[in-house]
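Everything in the sequence shown is counted per numbering that gives the first Met the number 0, starting at 0 for the first residue and increasing by one.
Glycine included, every Cβ here is placed at the ideal spot set by N, Cα and C.
Accompanying notes for the structure given below.
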Amino acid sequence: MKSVFLSYSHEDLDAAKRLEAALSSQGVDVWRDEGDLRAGDLWPKRLGEAIEGREGVVLLWSRSAEQSDFVTLEWTTALALGRPVLSCFLDKTKLPASLRSRHGISLQKDFDGGAARLAADLLGIEPPEPKAPRKEKVFAELERESEPSVQRALEMLRPLLDGSEEIHIHVDDGGGWSRRIIALALVAIALTAGWALWPEPPDDRLSLRVLRKPPESGVPASGAKTFLFEADQERDTNSFGAATFSLPAGLGPGDRVTIGVLLDDYVLYQPMNGKIALPAREAFDVELRPKGSPDFLSDASLSGLVSAALEESRALPPGAPAGQTPFANYVERWSLERGVDAQAVQTKLRQLSATPQDIAPPAPAEVNASPGPIQWLQGIFDGNSGTLELASESPDVKQQALAAAGRGDFAEAARLFESIKAWTEAGDAWKNAGELGKAQAAYDKALAAIDPKQRPYAFADLQNRRGEALQAQGDAEGAMASFGAALSVSQAPEIQRNFAGAVTAVAKEAPPEDKARLLDEASRSYDQAAKKYERFGREAERAETEVAKAAALSTRSQLVAPSEAPQLLDAAIDAQRSAAVNPLLPTADRAVVLERLSDDLLNRSRLTTGVESRRLVEEADSARRQLHVLRQRPSQ
C-alpha cells in the first residue's frame, strides 16, 4: 500500500505534518487536506473521491480527532468505500467501536519509531480490490445537495443492526454543518453493512496481529493460519496480519488461552509458548521468527523454553525419582521445531544454570527465608485483575501472606490469600519439586474454590493438572477420573492424550474382559488427539501421540483372536513407520518407536506366510539396525 489519505484534526496539524514527512521519506505517497477540500457545496463528494483515490486511510487519533465531525466523516466514508483504516494514537483516547477490531500504532512515547513501523506496515500490505457497487452507493449519498435527514439515516441504519435495539443520537437543533456531517456519517456507516456501532466491544473476542520479524518494526504476516486451541477455531490472517476469534462461554478474566500460528519457514516467538492471559481487550501482537533464527538462543527465549518444559512435562512416569522431568527430551523437540541445534541450546542452558529444578518455584514445605518465595508470591498478587480477589480482603492480608512466604510457610500464605491462582501456583511448585501429594492437595483446594459452570475451562485445566499429579503417584484410576472430568468440559488434545495414557495404565492391571475395552477407549482418544494436533500443525505432538496410540493397538492385538490381530497390528505398524521418519521426534522417542516397530513387524510376520512374511522380517531387521545406529550417537 503506497498511497494513503491522512485524516486528522487541525488541532493536531504539527503531528500530521511530522507523520506525513516520515511516511513520505519511506516512499509512501500521503494525501493531506490543507483546507481546500472542506470548502464549497460539493465537498462531501470531493472527500469521497479523495479517499477512493487512495489505497487506505491513516487516522491520526486523539481527543481532538474524536471531537471532530470532519474526522468522523472521513473515517466512516473510508469504511463505506472498503478502504483499510490504520490508526495512529497521539494520546490514550479510545477508538470508536467500529474501529476497535482494527489494529493501531502508538506514537505517544516514540513518534519516530511508530512512524517507521507504520511505513513498514503500509508497504507490506497489498491494496484491496475496489468494490464498485459500494462505491456507487456512497458517492450517490455524498453528492446529494439537500441536507440529509438524521431520521432517514437512522431508517437506513436500523435494518443493519442486530435486533430491535433503538439508537438515540442528540443533534443540535441549530442544524448547520454539524448536523449535516453527523447525518452523512450515519449514512456512510450504514453502507458498510456489518460494522458494529456504539456498543463496547464484547469480552468474548480475542484479536491477534501477527508480525514477521525481522525487520524490527515487523511486517504483517498475511495469509498465516492461526489457531485458538481452547475454542477449536482456526482463522487466516488478513492483509494486516489480523485475525479475530470468538471466545466460548466460560472463558473470561483470569483464564489463559493457547494460540498457534502456521506460516511456511516461520515459528512462533512471542507470546512464549503461545499462552495469552485474558482479558485481552486490545489486539495482541504475535511475533514470528524464521526457523533457525539466533533469537531462539536468547536468554528470554530459553527462559520460555524452561517455563514450557515445566508446564508440559508435569506428568512423571510412575516410579520415576521425585522431581525428575524428561528435560533433555523436551529440549531436543523444542530445538527441532525451531530449527536450532539442540546441543547449542543445552550448552547455553548450562551457561545460564537453567534446569527445570533450578528455575521451578520452590516447594512450599521446603522453602527457607529468601528472595525466591517473596518474588513468587509477589507475582501472584500482581497478576491479572479479575484473577485475584484482593478487593474483598483487608490491606494487611498481602503483607501477612508475603511474610508467611518469607519464612517458607507457603501453605499459610495461600490460606491467607485463598484464590484459585494461589493454590494452583502452590500445586505447580510442589509438583515440580516432587511433592506430589501436596500438589494434589493444593489443586483440590483450587477446585473447591471454583464454579465449573462459571469457569469451565479453568476447571478443566485444574482437573488436568490434578490428574497429572495423581498419575505421577501411580494412581492411574484417580488420574483417569480427573482427566475424564476435564474432558467433560474441554476436548483439548493435551487432555485427550493424558486421558488415553491413564486409561492405558489402568488397562495393564485390568482383568482380560475389561482390558480390551479400555485399550479401545485409549486408542480412540489418542486418535482424536493426533488428528487435532495434525490440524493445528503441531507435528511433534502428533508424532508422540501416534506412538502412544500404536503401543495401545499393539497391546490390544494380543487380546483378540488371531483372525483379528492383523488389522490391529497393521494400524500400529503404519503409525510407527510414520513416526520413525518424523524429523521432529526426539531421539529417545525414535528409539522407542524403532524397538516397538521391530517387535510388531516380527509378530505380524508370524500371522502370514511366504514372501510377505519374509519382507516383514527383513523390515524388522532394518528397524533393529537403525536402532543400533541411533543408540551409538552421542547423547544430546
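Taking residue i as the reference, give the member of the options with the closest Cα.
i	options	result
Leu461	Gln453, Arg605, Leu615, Ile449	Ile449
Asp254	Ser245, Ala276, Tyr265	Ala276
Gly103	Asp32, Val70, Ala241	Ala241
Ser24	Asp443, Ser2, Tyr7	Ser2
Ala619	Cys87, Arg595, Leu606, Pro213	Arg595
Lys271	Thr257, Tyr265, Asp263	In the sequence as presented, Lys is not what sits at residue 271; that position holds Met. If we check each option's Cα against that of Met271, Thr257 comes out closest.
Asp284	Val559, Asp298, Val209, Lys420	Val209
Thr607	Arg623, Pro561, Asp588	Pro561
Val57	Leu121, Ser63, Lys452	Leu121
Lys420	Lys437, Lys430, Ala441	Ala441
Ser238	Arg211, Ser489, Ala230	Arg211
Leu78	Glu54, Lys93, Ser61, Glu233	Glu54
Asn463	Trp429, Ala501, Lys290	Ala501
Ile50	Glu19, Pro83, Asp427	Pro83
Ala590	Phe498, Arg576, Asp28	Arg576
Leu446	Leu435, Gly426, Gly433, Glu434	Gly426
Lys452	Gly251, Gly466, Tyr532	Gly251
Arg17	Asp109, Leu72, Leu348, Ala223	Asp109
Ala622	Ala478, Leu600, Ala587, Glu508	Leu600
Ala578	Glu543, Ala564, Ser612, Asp569	Glu543
Ala438	Val580, Gly466, Ile494, Glu563	Gly466
Val27	Phe4, Ala14, Asp13	Phe4
Gln470	Gln345, Gly433, Val29	Gly433
Ser292	Val344, Lys274, Gly273, Tyr329	Val344
Pro213	Glu286, Glu233, Gln566, Thr346	Glu286
Alpha carbon to alpha carbon, how far is residue i from residue j?
i	j	result
Pro492	Arg614	36 Å
Ala528	Thr503	15 Å
Glu545	Asp573	10 Å
Glu424	Leu85	40 Å
Ala571	Ser604	14 Å
Arg534	Val592	23 Å
Val70	Leu227	36 Å
Glu10	Ser63	7 Å
Gln350	Asp340	16 Å
Leu262	Leu117	22 Å
Ser302	Val610	54 Å
Gln472	Pro95	54 Å
Pro219	Asp235	12 Å
Ser216	Val260	19 Å
Arg45	Arg288	44 Å
Val628	Asp519	34 Å
Ser206	Thr75	21 Å
Gly112	Leu296	26 Å
Leu98	Ser61	14 Å
Ser597	Ala230	39 Å
Arg523	Arg516	11 Å
Leu568	Ser553	6 Å
Ala459	Ile494	9 Å
Glu617	Arg337	35 Å
Ser487	Trp422	23 Å
Arg624	Arg632	13 Å
Lys531	Gly477	26 Å
Ser300	Lys224	23 Å
Thr346	Ala307	18 Å
Ala14	Phe88	11 Å
Below 8 Å on the Cβ atoms is my guess for residue i versus residue j; work out the distance and round it to an integer in Å.
i	j	result
Ala21	Ala114	4 Å
Asp90	Gln66	The Cβ separation is near 12 Å, so there is no contact.
Arg496	Tyr525	7 Å
Ala551	Ala521	5 Å
Asp294	Tyr268	6 Å
Leu558	Pro511	7 Å
Leu304	Pro582	That pair is no contact at about 19 Å.
Asp298	Ser245	Between Ser245 and Asp298 the Cβ distance is about 36 Å, and since that is not below 8 Å, they are no contact.
Ser489	Tyr456	6 Å
Ala682	Arg332	In the structure displayed, the chain extends from 0 to 635; residue 682 sits before or after that span and is not available.
Lys444	Ala468	Contact doesn't hold; Cβ gap of about 13 Å is too wide.
Leu59	Tyr7	4 Å
Glu19	Arg31	5 Å
Val505	Ala547	Contact doesn't hold; Cβ gap of about 14 Å is too wide.
Asn328	Pro565	Contact doesn't hold; Cβ gap of about 33 Å is too wide.
*In the segment 542-604, which residue ranges form an unbroken beta strand (DSSP E) of at least 3 residues, counting only runs that do not cross its ends?*
If you keep only unbroken beta strand (DSSP E) runs of at least 3 residues inside the segment 542-604, you get nothing at all.
*Where are the beta strand (DSSP E) runs, 3 residues long or more, that stay fully inside the segment 6-65, in chain order?*
DSSP runs (the beta strand (DSSP E)) wholly in the segment 6-65: 28-31, 55-60.
*May I have a chain-ordered list of the alpha helix (DSSP H) segments no shorter than 4 residues that lie completely inside the segment 446-478?*
If you keep only unbroken alpha helix (DSSP H) runs of at least 4 residues inside the segment 446-478, you get 455-471.
*Which ranges would you report for the beta strand (DSSP E) in the segment 200-279 if only whole runs of at least 3 residues count?*
Taking 3 residues as the shortest admissible run, the segment 200-279 contains the following complete beta strand (DSSP E) segments, listed from N- to C-terminal end: 204-211, 224-227, 232-235, 241-245, 255-261, 265-269, 274-276.
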